[in-house]
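Single-structure report; data block below.
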Amino acid sequence: MRPSPPQAIDQAAVPWLLAVALATASPHGEHLPPWLSVLFAAALLWRLWLWWRRRPLPPRWLLALLVLAALAGIAWQYRSLLGRDSGVAMLVIFMALKPLEMKTRRDAMVVVMLGFFLLLTHYFYSQSIPTGLWLLASCTLLTAALIRLHGGSQPPAAIIRQAGLLLLQALPFMLILYLLFPRVSGPLWGLPQDAHAGRSGLSNEMAPGSISNLILSGAIAFRSHFAGGTPEKADLYWRGPVLDAYDGLTWRASTTASGRLRMAPVVEARGTPYSYSSIIEAHGQRWLLALDVATSLPAGAVQAPTLEVLAREPLRTRARFAFTSSVDYHANRSETAAVLQQALSLPPNINPRTRALAAKWKSQPPARIADAVLGLFRNEDFHYTLRPPLLGADAVDEFLFGTRRGFCEHYASAFVFLLRAAGVPARVVAGYQGGEVNPVDGYLIVRQSDAHAWAEVWLAGEGWVRYDPTAAVAPSRIEQGIVAALPQGEPLPAIVGLDADWLRQLRYRWEAANNAWDQWVLGYNPQRQREMLSRFGMANPDWQGMSAVLAVLCGVALFLVTVWTLPRRRRADPAQRAWQRYCRALERRGVTRAAWEGPLAFARRVAVERPQLAALTSEAARCYAALRYGRGDSEQLLVLQECVHRLPARWRNRP
């Protein structure tokens, strides 16, 4: 038996398939190299022109050359054909070039299936609400393309409505599977090699410009929700990496600190403890950005001797952690000689003027030296700016005695250098300072623009004490935030500098909605699933129990959807019921009305086959035609109903 020839694609369905290609691939233009986006757009426009002019498709050898050239370009661009970015680029190329050989329905099905697969790759880059809405609209378009492909020509509105109805029917199954299907730990939308590349946030080193560049981002670093009152804004120091090694340009964490992670610090908390939970965005590092200083840690976390809280593994997915912190404390009153020696080390032969200034203070107590440096920043002509001049080899000298313009990293670096040169152990701490409470959901939002650097000084009898030299230059930075501290005209993220109240309220609501999305949709992890199931009586669910509940609920949903979609018998109106009753009475005696036969045509046939009923049937047909197709009234309905009763009993009743 010969196989049937492939069915040619309906030419009117081609625009639907091109729309599918555009909707599923175009959002990747943000991540693709420009040449690849241009190639994609040119291929779709070429195919649209061929369809519009009804020209033949290009030969296969030309398409093969285009594919090879595109693959070579991808391999050159990404240095590999493996991985997330190169894999997505290849899918986009296939989606662009496949319509150029699309002749049969099978080719069209490949385009649709490729579109469904391409939709999944968008979650590699973004899992936001707009991305979800775009993918939902694209999925509706893909389903509509399938309907148009197999259902023939229909009005576009009817096709879209039918596609939306099909997705609506799938909604119960989606919710059941989402809630009950066993969750997996770790990144769901990621690949092993590069799913976590490109994370923004603090680095484990600090050079001039590193934090000032970070502050230009309005992205959210983390959210915190306090069980009781929120600390004062001046106490909101969120500790990140501690940097105690300096090479003259860059501050880094020394091997001395990283090699002593098993030695827990000694923290003596004073004052009111603050309990809170933080939802931290993925940043690819181990620190958990606890409020300085943490006294109770989440499960699996450790506190380094330098007081930062560290996770076991780098934070590659958004996660929630619970802490207790105290903003008034003594830390490591007794410190090891190795740590103190590291906190005094300086590279030789740099910044001679700074060393000479520090030598004048060596005879004073360490606390007084720290106050003297703060007084220098407070009383001299220093300026807080994101646009400091470039510094040379003796960066601290040029900053203190020349430019006197800088950001928090300049002031923290110069402060620690001066104290070390004066013989006082000191180190740099990077993290975030401040935050903004969202009144809609009560979460304190800390952005990348809140990135900050300060100093810690070890004082005998007190331990490590925080000093913030930036507060001496620009106290408004600590008390009111970055916007109040910077001069007019300094660059800032647009979302941070919003002044209009209605825009600010709109931002609050949008960020609260995103927070709920992150927690209950993207953050629906195994722990959340167990909490949800325990509310329904499944305290310790296992896979057998969950599978049984899943099967039962899916069966119930299938039954309800089936009942909903079954053809429903339309309720006849009184005129139709009376006419049908009259026709059934005649049918019992062998006069059957055909489905296509109108009332007047049926009356004429009855007059031929049953002359004795000609007048009565003609009267009933005229009344019914007037009621159904004309402007009949209630009197004609009564006449039609009486016609049934006027039939002879041997005709009206069942024999």
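Residue 938 is where the sequence shown starts when you use our numbering, and the numbers rise one by one after that.
Think of the CB as a built atom: it goes at the ideal place given N, C-alpha and C, for glycine as much as any other residue.
This one's a predicted model, so the numbers in the text were calculated from it and none came from an experiment.
Note to self: At the level of alpha carbons, what is the spacing between V1048 and L1244?
What the structure shows: 55 Å
Notebook entry, point to check: Do I1096 and N1451 have their C-beta atoms closer together than 8 Å?
Noted result: no
Note to self: Here's the rule I'm using: 16 or more other beta-carbon atoms within 10 Å means buried, otherwise exposed. How should W1224 be labelled?
What the structure shows: That one is buried.
Check: Per the contact definition of three or more C-beta pairs closer than 8 Å, is the segment 1282-1299 in contact with the segment 1219-1237?
Finding: Taking a cut-off of 8 Å for Cβ pairs, the segment 1219-1237 and the segment 1282-1299 do not touch, as fewer than three such pairs fall below it.
Check: How should S1090 be labelled, buried or exposed, when 16 other C-beta atoms within 10 angstroms of its C-beta is the threshold for buried?
Finding: exposed
Checklist line | Coil, strand or helix - H1389 by DSSP | finding: strand
Margin query: Let me check one thing: in DSSP terms, what residues is W1395 bridge-paired to?
Written below: W1401
Note to self: Can you tell me whether P1406 is buried or exposed? The criterion is at least 16 other CB atoms within 10 Å of its CB, across all chains shown.
What the structure shows: buried
Notebook entry, point to check: Is A956 helix, strand or coil when you go by DSSP?
Noted result: helix
Check: Does DSSP put A1295 in a helix, in a strand, or in coil?
Finding: helix
Margin query: Can you look up I1157 in the DSSP assignment and give me helix, strand or coil?
Written below: strand
Note to self: Can you check which of these residues, L1037, L1073, H968, is closest to F1061 by C-alpha distance?
What the structure shows: H968
Next item on the list: Output yes or no for whether 8 Å exceeds the beta carbon distance between T1322 and R1342.
Entry: yes
Check: Measuring CB to CB, does A1557 end up less than 8 Å from Q1573?
Finding: no
Item checked: Residue environment, R1136, which counts as buried when at least 16 other CB atoms sit within 10 Å -> Because the pLDDT of R1136 is 48, which lies under 50, any placement of that residue in the model is unreliable, and the question is left without a value.
Check: CB A1512 to CB R1565, shorter than 8 Å?
Finding: With a cutoff of 8 Å on beta-carbon distance, A1512 and R1565 are scored as near each other.
Note to self: Our contact map puts R1043 next to P952 with C-beta atoms below 8 Å; I'd like the distance itself, whole angstroms only.
What the structure shows: Contact flag wrong, Cβ pair sits at about 19 Å.
Note to self: Bridge partners for Q1370 per DSSP, in chain order?
What the structure shows: Y1174
Check: Using the rule of at least 16 other Cβ atoms within 10 Å of the residue's Cβ for burial, across every protein chain shown, is Q1442 buried or exposed?
Finding: exposed
Notebook entry, point to check: Which word fits V1203, buried or exposed, when buried means at least 16 other C-beta atoms lie within 10 angstroms of its C-beta?
Noted result: exposed
Next item on the list: Alpha carbon to alpha carbon, how far is S1471 from N1477? Give it in angstroms, no decimals.
Entry: 7 Å
Notebook entry, point to check: Is N1316 buried or exposed, if buried means 16 or more other CB atoms sit within 10 Å of its CB?
Noted result: exposed
Check: When we look at the beta-carbon of V1576 and count the other beta-carbons within 10 Å, is it buried (16 or more) or exposed?
Finding: Buried, because 16 or more other Cβ atoms sit within 10 Å of the Cβ of V1576.
Next item on the list: Determine the DSSP secondary structure at T1232, reduced to helix, strand or coil.
Entry: In the three-state reduction of the DSSP assignment, T1232 falls in the strand class.
Next item on the list: Measure the CB-CB distance between A1156 and Q1385 and report whether it falls below 8 Å.
Entry: In this structure, Q1385 lies closer than 8 Å to A1156 by Cβ.
Item checked: Whole-angstrom distance between E1335 and P1235, CA atom to CA atom -> So the two alpha carbons sit approximately 44 Å from each other.
Next item on the list: Could you have a look at G1343 and say whether DSSP puts it in helix, strand or coil?
Entry: Of the three classes helix, strand and coil, the one that applies to G1343 here is strand, per DSSP.
Check: When you compare only the Cα positions, how much space is there between A962 and V1029?
Finding: 6 Å
Checklist line | Distance between P1463 and P1178 (C-alpha atoms, nearest Å) | finding: 30 Å
Margin query: Using only CA atoms, which one of R1525, R1526, G1567, G1527 lies nearest to P1536?
Written below: G1567
Item checked: Contacting residues, own chain, Cβ-Cβ under 7 Å from L1103 (five flanking each side not counted) -> T1080
Checklist line | Nearest neighbour of G1020, chosen from T1058, E1416, R990 [CA to CA] | finding: T1058
Notebook entry, point to check: Quick one: what's got a C-beta closer than 6 Å to I1287's C-beta in the same chain, skipping five residues either side?
Noted result: G1185, D1331
Checklist line | Test item: CB-CB of T1261 and S1233 under 8 Å | finding: yes
Notebook entry, point to check: Smallest Cα separation from L959: which of S1075, P970, M1143?
Noted result: S1075
Check: Applying the criterion that 16 or more other CB atoms from any shown protein chain within 10 Å of the CB defines a buried residue, is T1269 buried or exposed?
Finding: The amino acid occupying residue 1269 in the given sequence is Asn; Thr does not appear at that position. Burial call: buried.
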